[in-house]
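J.: Residue numbers (the numbering used here): 177 to 829.
1) Less than 7 Å between C-beta atoms, sequence neighbours within five positions excluded: which residues of the same chain meet that for residue 812?
2) Is it buried or exposed for residue 333, if we count other Cβ within 10 angstroms and need 16 for buried?
3) In whole angstroms, give me the CA-to-CA distance for residue 454 and residue 670.
4) Going by the CB atoms, is the gap between residue 788 and residue 688 shorter than 9 Å?
5) So, are the CB atoms of residue 482 and residue 227 less than 9 Å apart?
6) Ends of the alpha helix (DSSP H) at residue 748?
7) Report the three-state DSSP secondary structure of residue 720 (helix, strand or coil).
8) Using C-beta distances below 8 Å, list every residue in its chain close to residue 356, excluding the 5 sequence neighbours before and after it, in chain order.
9) Measuring only the C-alpha atoms, how far is residue 729 from residue 765?
10) One question on the structure: do residue 675 and residue 604 come within less than 9 Å of each other, judged by their Cβ atoms?
11) With distances taken from CA atoms, which of 662, 760, 289 is nearest residue 126?
12) Pull up the CB-CB distance for residue 751 and residue 769, whole angstroms please, since I reckon it's below 8 Å.
13) What is the DSSP secondary structure of residue 691, counted as helix, strand or coil?
14) Quick one: grab the DSSP three-state call for residue 781.
15) Between the C-alpha atoms of residue 632 and residue 743, what's the straight-line distance to the nearest angstrom?
16) Can you give me the Cβ contacts of residue 860 inside the same chain, cut-off strictly under 6 Å, excluding the 5 residues immediately before and after it?
17) Could you check if residue 382 is buried or exposed, using at least 16 other CB atoms within 10 Å of its CB as the buried criterion?
18) Helix, strand or coil: which one does DSSP assign to residue 392?
19) Are the region 523-539 and the region 214-223 in contact at 8 Å, needing three or more beta carbon pairs?
20) Between which two residues does the alpha helix (DSSP H) harbouring residue 209 extend?
21) Could you tell me the distance, in whole angstroms, from the CA atom of residue 696 to the CA atom of residue 664?
22) Grouping DSSP H, G and I as helix and E and B as strand, with all else coil, what is residue 655?
23) Quick one: grab the DSSP three-state call for residue 240.
24) Using the Cβ count rule (16 or more neighbours within 10 Å means buried), how would you classify residue 384?
25) Out of curiosity, what's the CA-to-CA distance linking residue 446 and residue 373?
26) When you compare the CB positions of residue 234 and residue 468, do they come within less than 9 Å of one another, or not?
27) Give a yes or no on whether the C-beta atoms belonging to residue 506 and residue 757 are separated by under 9 Å.
28) Relative to the C-alpha of residue 796, which candidate in 390, 309, 680 has its C-alpha closest?
29) Mapping DSSP to helix, strand and coil, what is residue 354?
30) Which two residues bound the contiguous beta strand (DSSP E) that contains residue 670?
31) Return the chain-ordered list of same chain residues with a C-beta closer than 6 Å to the C-beta of residue 701, the five sequence neighbours on each side being excluded.
32) Is the beta carbon of residue 214 closer than 9 Å to that of residue 442?
33) With a threshold of 7 Å on Cβ separation, who are the neighbours of residue 458 within its own chain once the five nearest residues in sequence on each side are excluded?
34) Can you tell me whether DSSP reads residue 450 as helix, strand or coil?
35) Apart from the five residues on each side of it in sequence, which residues of its chain come closer than 7 Å, Cβ to Cβ, to residue 272?
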């Protein structure tokens with residue numbers, strides 16, 4: 177490390193040259209295991225590990241570090257970097273599994289889920305060219321949107337960023353070594369670029385559309401750059417294991433503290449919170465870099481702590497596990513409709529299926545083709561076809577590949593025209609816009625109702641006036657009697673929720689004209705305190721609040737307490753149970769809602785789950801968002817539950 181400020185002349189490079197034996201850092205397999213487990217658990221149960229998506233920066237960090245230090249080592253040893261050889265190794269390592277996944281997944285959806293063929297030509301082509309992340313920004317769905325035709329390719333944006341990195345990085349490293357010729361300055365340049373990337377993420381952050389900052393190469397590159405910068409001043413092949421006990425203790429302490437911090441942030445850093453993109457993810461990467469640095473050091477015990485047969489097995493297959501996870505999850509969950517009834521069993525089955533597919537790919541595709549000489553392809557195909565019996569595995573793979581290729585081409589031809597939005601997205605967007613337009617009038621209505629209630633001689637005849645012809649039609653449509661409709665019409669209400677609430681907003685505001693609706697696609701419980709605070713500041717938080725949250729992830733006791741405390745004890749809170757049979761967290765969410773209602777006297781349950789259970793005709797294809805019939809029953813249940821409670825409370829006074 178004392179050479180960090182020494183100019184790297186060609187003579188000094190030669191003097192530093194040695195037969196550095198590449199040390200395989202087994203602890204990196206432990207880090208890869210930690211990263212891929214975080215991602216898998218996040219995709220299965222997002223709110224149980226709401227920061228699991230942070231496994232991706234760890235992958236980026238390790239890639240930046242390893243690739244850079246290997247290139248530096250090659251230059252120090254041979255006075256050159258064999259760029260052609262570098263590209264060949266990367267292609268052999270990454271392409272076989274990627275092509276297998278693309279062909280297999282496209283073949284499957286061509287046969288069984290043709291609705292997912294939208295944009296399939298662009299999806300496959302941009303993945304093969306490693307520019308899919310930019311395609312996804314303009315054509316894809318949000319990474320956090322779980323219900324609008326979720327694509328089995330969404331997660332591949334990370335591979336495109338890595339592919340772009342591999343394409344330019346040998347040239348960048350060579351330029352730094354030949355032109356800057358100083359390792360410490362090279363590190364500072366890369367760190368400065370990392371800061372620029374993090375600042376770009378903060379500046380471009382848009383809470384209504386995360387795609388640009390989440391998928392963009394420029395906004396995600398800081399993790400790779402930090403790893404690369406570390407390689408210049410902390411290369412594993414030059415670190416010594418004969419260090420003092422004090423230095424060893426310092427390294428181990430830094431490693432353990434950073435490991436605990438990383439795991440803590442896995443549990444706490446919400447992927448939709450502004451703070452995540454305004455510095456949070458950057459500081460997570462810095463902490464992860466400390467962890468990577470201690471694992472890389474042979475004098476630290478962190479490498480041993482993160483090395484064991486299980487981590488070794490999973491870490492070596494982490495690329496395949498990451499690659500195949502989404503197709504397996506999406507195809508499985510499309511076939512098994514009542515996942516929410518047995519979440520643990522279904523999650524275990526999904527993980528087993530992912531591991532089986534990964535192992536088959538690792539054993540019969542990735543490993544053999546990593547060492548394969550592709551110039552022998554036609555010769556070997558001829559040999560297999562002439563005597564398939566003696567090459568059973570190879571012949572089987574060849575036949576399956578041919579079938580998948582034909583089906584993929586069929587899918588390309590049958591690709592439907594891409595709608596700007598799915599039918600469900602169009603409906604939700606339209607109703608969200610309509611709700612926002614009505615909110616101003618609803619807020620005014622709330623103030624009028626509040627003023628009327630404060631009068632000592634409130635004219636109760638208003639509340640129970642004879643129904644007009646239009647009111648009678650509304651009452652009949654929503655299965656309400658005169659008392660229920662009149663109470664609803666004269667009840668100030670604030671409704672806060674996710675896309676299910678948005679889907680119903682038009683119906684809800686017909687029955688509750690004094691209802692302000694605040695909904696957002698993909699909203700989770702952790703975002704509620706901020707929403708409540710914003711509504712309160714705008715004066716749109718009524719004395720009665722409808723909470724419709726729980727569609728997109730689990731709800732912790734802390735989440736529930738923050739929501740109730742944010743609304744306060746003087747408001748009546750009506751919390752709708754979740755109907756998400758296709759998601760593992762349904763049971764946990766509903767149990768927490770009932771538990772919260774028992775804990776707080778002002779919380780009341782609207783049991784949509786029980787009312788809707790088994791009523792498949794009430795929902796669109798995802799079995800989560802109500803159709804027109806479902807919204808009719810949903811609104812009716814809300815109105816009946818709220819009016820019953822309010823009338824009971826008034827009877828006590």
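The beta carbon of each residue, even a glycine, is placed where N, CA and C say it ideally should be.
T.: Looking at the coordinates:
1) 654, 655, 656
2) Burial check for residue 333: the Cβ neighbour count within 10 Å reaches 16 or more, so the residue is buried.
3) 30 Å
4) No; because the gap between Cβ atoms is not below 9 Å, this pair is not in contact.
5) The answer is no: Cβ separation not under 9 Å.
6) That residue, residue 748, is in no alpha helix (DSSP H); its beta strand (DSSP E) goes 748-752.
7) strand
8) 362, 365
9) Between the alpha carbons of residue 729 and residue 765 lies a gap of roughly 8 Å.
10) In this structure, residue 675 places its C-beta atom within 9 Å of the C-beta atom of residue 604.
11) No answer is possible for residue 126: it lies beyond the span of the chain, which begins at 177 and ends at 829.
12) 5 Å
13) Note: residue 691 maps to strand in three-state DSSP.
14) DSSP places residue 781 in the strand class (E or B) of the three-state scheme.
15) Only weak support is given to the placement of residue 632: the predicted model assigns it a pLDDT of 38, under 50, and the value that follows is read from those uncertain coordinates. Looking at the two C-alpha atoms, the distance is approximately 26 Å.
16) Because the chain here runs from 177 to 829, residue 860 falls outside it and cannot be looked at.
17) exposed
18) In the three-state reduction of the DSSP assignment, residue 392 falls in the coil class, being assigned neither a helical nor a strand state.
19) yes
20) 203-220
21) 24 Å
22) coil
23) helix
24) exposed
25) 20 Å
26) yes
27) no
28) 680
29) helix
30) Counting along the chain, residue 670 sits inside the beta strand (DSSP E) bounded by residues 669-673.
31) 725, 731, 735
32) yes
33) 374, 398
34) helix
35) 541, 542, 545
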